[in-house]
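Visitor: Residue numbering for the sequence shown follows this note's numbering, starting at 270 and increasing by one per position.
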Amino acid sequence: MDYSDKQFSIEIFPPRSPEGKTKLTDTVNQLNTLGPAFFSCTYGAGGTTRETTKDMVSSMLAAGIDTAPHLSFGGDGENTILTLINEYKDAGAKRIVALRGDLPSGMNGERELIHADALVRFIREHTGDHFQIEVAAYPEIHPEAESYDADIQFLKGKFEAGADSAITQYFFDPDAYFYFLDACQAKGITQPIYPGIMPILNYANIARFSANCGADIPRWLDKKLSAYGDDNASLQAFGVDFITQMCEHLLAGGAPGLHCYSMNSVDPVSTLWHNLGINTACASADSTAA
Ligand code: FAD
Numbered sequence: 270m271d272y273s274d275k276q277f278s279i280e281i282f283p284p285r286s287p288e289g290k291t292k293l294t295d296t297v298n299q300l301n302t303l304g305p306a307f308f309s310c311t312y313g314a315g316g317t318t319r320e321t322t323k324d325m326v327s328s329m330l331a332a333g334i335d336t337a338p339h340l341s342f343g344g345d346g347e348n349t350i351l352t353l354i355n356e357y358k359d360a361g362a363k364r365i366v367a368l369r370g371d372l373p374s375g376m377n378g379e380r381e382l383i384h385a386d387a388l389v390r391f392i393r394e395h396t397g398d399h400f401q402i403e404v405a406a407y408p409e410i411h412p413e414a415e416s417y418d419a420d421i422q423f424l425k426g427k428f429e430a431g432a433d434s435a436i437t438q439y440f441f442d443p444d445a446y447f448y449f450l451d452a453c454q455a456k457g458i459t460q461p462i463y464p465g466i467m468p469i470l471n472y473a474n475i476a477r478f479s480a481n482c483g484a485d486i487p488r489w490l491d492k493k494l495s496a497y498g499d500d501n502a503s504l505q506a507f508g509v510d511f512i513t514q515m516c517e518h519l520l521a522g523g524a525p526g527l528h529c530y531s532m533n534s535v536d537p538v539s540t541l542w543h544n545l546g547i548n549t550a551c552a553s554a555d556s557t558a559a
C-alpha cells in the first residue's frame, strides 16, 4: 500500500535515571532510523516529570530529532508553564501535545485540573503560530465525559482554541475509531485525528492501563489474551499479528497515519512498521547498501 500521504510518529516516556537516559537515547536513535515524522515525549501526571521530560526533549532536539513535549498545567502557575513553553521554543521545538492531564495518584480532589482547550489558547496567545499543537481524542470516549456528544463537542472546542490535529487514546476496536471519525465530521471537525497504537506486550499491564484510561478490551480479545497466562512470547506474537491487521484496516479505511506508543522499546514499533511496509527510511538505507 502507498503510505506517502500518511504520517507516522512515535511516543516515548521520559527516563527515570541517567542510566535510563543513556538507554533511551540508544532506543530513540534506533527508532529514528525508521524515519518517523516526529517523536513525542510524555509528561508525568501533575507535572511530575517536568525536568526529565524537558531534559529528554531538549537532548533530542539538540540531536536534530523533531520532538514534541507533552504538556499540561498540572497545578503549575501560568508563569512556570510559559517559561517552559519558551524554553521549548528556544530549544527548537515546533510541536506540543497539549493536555489537561490527570492528577498524580493520591491527589484526587486536591487540585483543580485545567482543561486542554485553555492550554491550547494559552500557547497560541503567547507564541502565535509557532507550534503545531496536538490534542488528545477518545474514540471510546473519555472516562469522565458527560456523554458521547459532549466529549466530541469539547474536542471541537480544542480545535477552535487553535489545535491543529489530534492523537487518540489507544483502542482495539477499529469500528470505534471509524464511528468516532464520522461523528467528528458530522460536528464539523475537519482536522486530522491520528490513531494512537498500543502494542500488546503483557496482559496484566494492558488490562490495568485499559481499566484506568477507559480503553475497551473486547470480550473475545480479553479472553484470548488472558488465556496465554505466563506465556508472554506467544501473547506478544499474537499481539503483533492483531495490531498489524488492525493498523492495515485503519490505514485502508482512511486513518491519516499512526501514532505508535513505543513503551521505550524498539521492537514493538520496528516490527509493526516492517509488517506494514512503512519502514521507509530503513528500506532506502538497505537498498543503498545493496
Ligand atoms: P480535556 O480535553 O480537558 O478533557 C478531559 C475531560 O473533560 C473530558 O471528559 C472532556 O469531555 C471534558 N472537557 C474537555 N474540555 C472541557 C471544558 N472546556 N469544560 C468542561 N469539560 C471539558 N496524561 C499525562 O498525564 N501525561 C501525558 O503525557 C499524556 N499524554 C497523552 C497523550 C494522548 C495522545 C492521550 C490520548 C492521552 C494522554 N494522557 C496523558 C492522558 C490524559 O492526560 C488524560 O486522558 C486526561 O484525563 C485528559 O486529558 P485531555 O487533554 O484529554 O483533557
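Even for Gly, the Cβ is constructed at its ideal location relative to N, Cα and C. Just so we're clear, the structure is a prediction, and the values are computed from it rather than from any experiment.
Where does residue 354 sit, in a helix, a strand or coil, going by DSSP?
Guide: The answer is helix: DSSP assigns residue 354 an H, G or I state.
Visitor: Report the rounded CA-to-CA distance for residue 533 versus residue 339, giving the unit in angstroms.
Guide: About 15 Å.
Visitor: Measure the alpha-carbon distance for residue 473 versus residue 497 and round it to whole angstroms.
Guide: Each residue's Cα considered, the two are about 11 Å apart.
Visitor: My output table needs one value for residue 429: the three-state DSSP class, helix, strand or coil.
Guide: Note: residue 429 maps to helix in three-state DSSP.
Visitor: If we ignore side chains and look at the alpha-carbon of each, how far apart do residue 468 and residue 290 end up?
Guide: For residue 468 and residue 290, the distance between alpha carbons rounds to 22 Å.
Visitor: Counting only the same chain and skipping the five closest in sequence on each side, list residues whose C-beta sits under 7 Å from that of residue 447.
Guide: Only 522 meet the Cβ criterion.
Visitor: Alpha carbon to alpha carbon, what distance is there between residue 306 and residue 538?
Guide: Those two C-alpha atoms are separated by around 14 Å.
Visitor: Would a C-beta distance cut-off of 8 Å place residue 424 and residue 458 closer than the cut-off?
Guide: Contact: yes.
Visitor: With distances taken between CB atoms, is the gap from residue 431 to residue 462 smaller than 8 Å?
Guide: Cβ distance not < 8 Å, so residue 431 and residue 462 don't count as in contact.
Visitor: Tell me the rounded alpha-carbon separation between residue 279 and residue 416.
Guide: About 30 Å.
Visitor: Please classify residue 383: does DSSP put it in a helix, a strand, or coil?
Guide: Three-state DSSP puts residue 383 in coil, outside helix and strand.
Visitor: Please indicate yes or no: does the CB of residue 413 lie closer than 7 Å to some heavy atom of the ligand FAD?
Guide: Yes - the ligand FAD has a heavy atom lying nearer than 7 Å to the Cβ of residue 413.
Visitor: Kindly indicate which three-state DSSP category residue 513 falls into: helix, strand or coil?
Guide: The answer is helix: DSSP assigns residue 513 an H, G or I state.
Visitor: DSSP beta-bridge partners for residue 400?
Guide: Note: residue 400 sits in no beta bridge, so no partner.
Visitor: Looking at residue 287: is its Cβ nearer than 8 Å to the Cβ of residue 318?
Guide: Not in contact: residue 287 and residue 318 (Cβ atoms no closer than 8 Å).
Visitor: Let's test the definition: count the other Cβ atoms within 10 Å of the Cβ of residue 398 and tell me whether it reaches 16, buried, or not, exposed.
Guide: When all chains shown are included, residue 398 counts as exposed.
Visitor: From residue 410 to residue 370, what distance separates their C-alpha atoms?
Guide: Taking the straight line joining both Cα atoms gives about 15 Å.
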